[in-house]
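Trainee: First, the structure itself, so that you have it in front of you.
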Amino acid sequence: MSTKAVREIDEASFDAEVLEAGVPVLVELTAQWCPPCRALAPILHKLAEEGAGRLKVVAVDGDRCPAIARRLGIRAFPTVVAFAGGKEVARHVGLTTKDKLLRLIEGSGLPGGAGRDRAPSPP
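Printed below as a string of structure tokens:
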């Protein structure tokens, strides 16, 4: 795996990196062809650096890992899904700011709160 602040994961590593993580995880579903995804990347990188040890940020290329995109019910890129304790607690679709992602984390139960931009888990 890469040593970058935001590591790219795939189907083989998803469960261990996200569902079994000991810290909250932000998962960005992205695609190389997606301009908003490229604009969001440095924001997520900064969050990953600032939250090191308390928060993990990973990226999944939805084109290379369509099974994960289907599993999470992803319909648009970029989508950021927040997980805590192996469960989805919040998500945001589209380009956003660092402040809005921080509010998503803080309000989602990572580690406690009601959740903003909450979406039910896909069937």
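Numbers given in the working numbering equal positions in the sequence shown, counted from 1, plus 5. We treat Cβ as the ideally placed atom computed from N, Cα and C, and that holds for glycine.
(1) DSSP three-state call for residue 23: helix, strand or coil?
(2) Alpha carbon to alpha carbon, how far is residue 37 from residue 93? Give it in angstroms, no decimals.
(3) Tell me which residues share the same chain as residue 100 and place their Cβ nearer than 6 Å to its Cβ, disregarding the 5 neighbours each side in the sequence.
(4) Compare the Cα-Cα distances from residue 32 to each of 54, 72 and 66 and report the closest residue.
(5) So, do the stretch 13–26 and the stretch 83–97 have three or more beta carbon pairs nearer to each other than 8 Å?
Mentor: According to the data block:
(1) helix
(2) 24 Å
(3) 41, 44 and 45
(4) 66
(5) yes
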